[in-house]
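Participant: When you read off a place in the sequence shown, starting at 1, and then add 24, the result is the number in this note's numbering.
Pasting a structure below so you can have a look.
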Amino acid sequence: MVWLYAQPRMLLLYCYTILTPFFVFSIATGRDTAANWVAALLGVLMTLDVIEQFGRLWWHKALTYISVLLVFYLLSTAVIAIQDPSNSWAGRTPLQRALAIDLRLAVMVFTLVVLVHHLVSIPRSAFVRLLELQLVVGLLLSLFGLLQVSLQALSNTSITFQPTNEAFQLRNNIFRMGREQIFRASSVFNEPSYFGFYLVPLLVKATFAFRHKIYVFGKKWLHISVMIVLLLAFSANFTLTAILALAATVLLVAILSLKSSPKVSLLVISVICVVFSLILLSPIGDFLLARAERAVGLADLSTLARVFSGYVGVLVFWENPWVGVGPGGFAFHYPSMGIFVDKELMHTPLNIWLTFLTDVGIVGFIPFACFLWAILSTGWRNRTRDPLVHIYSWSVISLLVLLTTVDLWYIDLVWLELAMLLALSTGPSLFRQTTETKDSWDNLVPTDN
């Protein structure tokens, strides 16, 4: 019976890993993704597994905390339904908005439970394969982005990749600054900032994997090549938020390593200074400085919109600190401020912390904070037992840094990283003394232990 679902399970996990970057697509509606359908199939296999094990389901306190958060969201939505507010924004009522947010969170909680259930049973070699898959897919998407830039530079034209997700409109890929223009690589994503969001944790994983001598397909030269391509694509993407998030993550690595490895910390800080200096001396240096000057001078609309969203988020939370204003309720408070209001958008605080604080207040934020702490603290304690735990710990940290400035907490990419870290740091594979001498794509069956 184990073999009947073991092989499909691994194939689906590989498939899910490949599909997670493509969160701009849809299959049946304007919000679901191909990865969601794979997660549903994994859910069917999990159900069969639980039936075979007479109701036994692997569980962790982190899953309890996130389930409690979902309950708070549902209760808050029930309160909105009872009050039945009649106002609307961007074609949605508060209840419709709340139900949509609840559905997003429910899908992500379900996905997390399903992924962790399967990941805790796979051998360590399969985790290595999943990491390699992430890097290879990142390599292909980065090459596509670099191809965009090359064609733009050579022929002043660009290839486009029209997404099927009609919920998002294709953004302009030209970053305008006065009369000058820089083409920003967006790869298959519908706007450059999404590509930057995708590249940051990928660069972090590639760097830490190289440090721990975990190379793509066991080839050092190939791994170095992948890192170079990722860095080139990151530079061609030119997303200021991604640049700052990566710099903040690297600086955090240096600070936390200062006591145990002062030489490494000083080397990291020196590398940051050298790279930043090279960027300033490069052709894009002037544009980066100009963007920074506009931001400091409160003349950059993108930066102002982000700052203002955060400011309004703080005000909304301050006025409703304990239970918030309901799931997605921020969107109905934001327009009253009358600044940077797009009537076609359901505005958010653009900050994961303020999003949950404004949605369900301190009462709901506590289980969310406990959820993250349960995963991160467990991973940090076990980071010396397995390099993979260390790699995914920093990947999750980089994502949390990014989510401080963007509202993409609901995408599959985030929850896959959380599931990987939780499974690696708590599952049997962490404590299993593996004697594998050869990692193979044919190793699809979890070891019995």
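Ideal Cβ positions, reconstructed from N, Cα and C, are used throughout, including at glycine.
Owing to the predicted nature of the structure, the values given are computational and were not obtained by experimental measurement.
Give me the residue from GLU368, SER333, THR382 with the minimum Cα distance to MET361.
Facilitator: For the residues GLU368, SER333, THR382, the minimum Cα distance to MET361 belongs to SER333.
Participant: Does the stretch 204 to 224 touch the stretch 397 to 410, meaning 3 or more C-beta pairs lie closer than 8 angstroms?
Facilitator: The answer is no - the stretch 204 to 224 does not touch the stretch 397 to 410, with fewer than three Cβ pairs under 8 angstroms.
Participant: What ranges does the alpha helix (DSSP H) occupy inside the stretch 218 to 263, keeping only unbroken runs of at least 4 residues that lie completely in it?
Facilitator: The qualifying runs are 244 to 261.
Participant: Quick one: give me the first and last residue of the alpha helix (DSSP H) that PRO411 is part of.
Facilitator: Note, PRO411: alpha helix (DSSP H), 411 to 426.
Participant: Measuring only the C-alpha atoms, how far is LEU400 from SER417?
Facilitator: The alpha-carbon atoms of LEU400 and SER417 are separated by roughly 7 angstroms.
Participant: Just the C-alpha distance for ALA278 and TRP377, rounded to the nearest angstrom, thanks.
Facilitator: In a straight line, the C-alpha of ALA278 is about 24 angstroms away from that of TRP377.
Participant: Mind checking ALA177: buried by the 16 CB within 10 Å criterion, or exposed?
Facilitator: ALA177 comes out exposed.
Participant: Is TRP346 helix, strand or coil by DSSP?
Facilitator: Here TRP346 sits in coil by DSSP.
Participant: Tell me whether VAL349 is buried or exposed, calling it buried when 16 or more other Cβ atoms sit within 10 Å of its Cβ.
Facilitator: It counts as buried.
Participant: According to DSSP, simplified to helix, strand and coil, what is ARG116?
Facilitator: Three-state result, ARG116: strand.
Participant: Which residue wins for smallest C-alpha separation from LEU328, given the options VAL299, SER210, PRO373?
Facilitator: Of VAL299, SER210, PRO373, the residue nearest in Cα terms is PRO373.
Participant: DSSP three-state call for PHE47: helix, strand or coil?
Facilitator: PHE47 falls in the coil class under three-state DSSP.
Participant: Let me make sure I understand the geometry here. Which of ARG405, PHE380, THR402 has the alpha-carbon closest to that of ALA393?
Facilitator: Per the Cα distances, PHE380.
Participant: Given this structure, state the Cα-to-Cα distance separating SER100 from ASP431, to the nearest angstrom.
Facilitator: The alpha-carbon atoms of SER100 and ASP431 are separated by roughly 20 angstroms.
Participant: Please check the pair HIS236 and HIS414, which I expect to be a contact at CB under 8 angstroms, by giving their CB distance rounded to whole angstroms.
Facilitator: Indeed, because the Cβ distance is near 7 angstroms, the residues count as touching under 8 angstroms.
Participant: Measuring alpha carbon to alpha carbon, tell me which of THR57, LEU446, ILE252 ends up nearest TRP404.
Facilitator: Nearest C-alpha to TRP404: LEU446.
Participant: Is any beta-carbon of chain C found at less than 9 angstroms from that of VAL103?
Facilitator: Here chain C cannot be found, since the structure has a single protein chain.
Participant: Could you say if the stretch 104 to 111 and the stretch 128 to 143 meet the contact criterion of at least three C-beta pairs nearer than 8 angstroms?
Facilitator: In short, these stretches do not touch, since the Cβ pair count stays below three.
Participant: Return helix, strand or coil for PHE78, following the three-state DSSP convention.
Facilitator: Coil.
Participant: Please report the straight-line C-alpha distance between HIS357 and VAL295, rounded to a whole angstrom.
Facilitator: C-alpha separation (whole angstroms): 44 angstroms.
Participant: I need the boundaries of the alpha helix (DSSP H) containing LEU93, first residue and last residue.
Facilitator: Unbroken alpha helix (DSSP H) run through LEU93: 85 to 107.
Participant: Roughly how far, in whole angstroms, is the beta-carbon of LEU254 from the beta-carbon of LEU227, given that I think they are within contact range, below 8 angstroms?
Facilitator: The Cβ separation is near 5 angstroms, so the contact holds.
Participant: Quick check: the stretch 83 to 93 against the stretch 152 to 161, are there 3 or more CB pairs under 8 angstroms?
Facilitator: Contact fails: fewer than three Cβ-Cβ distances are below 8 angstroms.
Participant: Any idea what DSSP makes of GLN186, helix, strand or coil?
Facilitator: Note that GLN186 has pLDDT 41, beneath the 50 cutoff, so the model's placement of it is unreliable and the number below is only indicative. Residue state, collapsed to three classes: coil.
Participant: Please list the terminal residues of the continuous alpha helix (DSSP H) segment that includes TRP476.
Facilitator: The question about residue 476 has no answer, for the chain in this structure spans 25 to 473.
Participant: Among the residues of its own chain, which have a CB less than 6 angstroms from the CB of VAL347, if the five just before and after it don't count?
Facilitator: Around VAL347: GLY385, VAL387.
Participant: For SER50 and LEU291, what's the separation of their Cα atoms in angstroms?
Facilitator: Any reading at SER50 must be qualified, since the residue scores a pLDDT of 48, below 50, and its modelled position is unreliable; no value is offered.
Participant: Between which residues of its own chain and VAL240 is the CB-CB distance below 6 angstroms, once the five residues before and five after are set aside?
Facilitator: If we look at VAL240 and ignore the five residues flanking it on each side, its Cβ neighbours are GLU156, LEU159, LEU246, HIS247, VAL250.
Participant: Using the Cα positions of TRP83 and TRP439, report the straight-line distance between them to the nearest angstrom.
Facilitator: Cα-Cα distance, rounded: 16 angstroms.
Participant: Mind reading off the beta-carbon distance from GLY353 to MET370? Whole number of angstroms is fine, and I expect it under 8 angstroms.
Facilitator: About 11 angstroms separates the two Cβ atoms, so there is no contact after all.
Participant: Return the chain-ordered list of same chain residues with a C-beta closer than 6 angstroms to the C-beta of LEU468, the five sequence neighbours on each side being excluded.
Facilitator: Legend: pLDDT at LEU468 = 36, less than 50; position of this residue unreliable, value from coordinates given subsequently. GLN31, MET34.
Participant: Sorted by chain position, which residues of the same chain lie with C-beta nearer than 6 angstroms to SER166's C-beta, five sequence neighbours on each side aside?
Facilitator: The residues are VAL253, LEU254, ALA257.
Participant: Assign VAL62 to one of two classes, buried (16 or more other C-beta atoms within 10 Å of its C-beta) or exposed (fewer than that).
Facilitator: With 16 or more other Cβ atoms within 10 Å, it is buried.
Participant: Would you identify the three-state DSSP class for TYR40, choosing helix, strand or coil?
Facilitator: DSSP places TYR40 in helix when its eight states are reduced to three.
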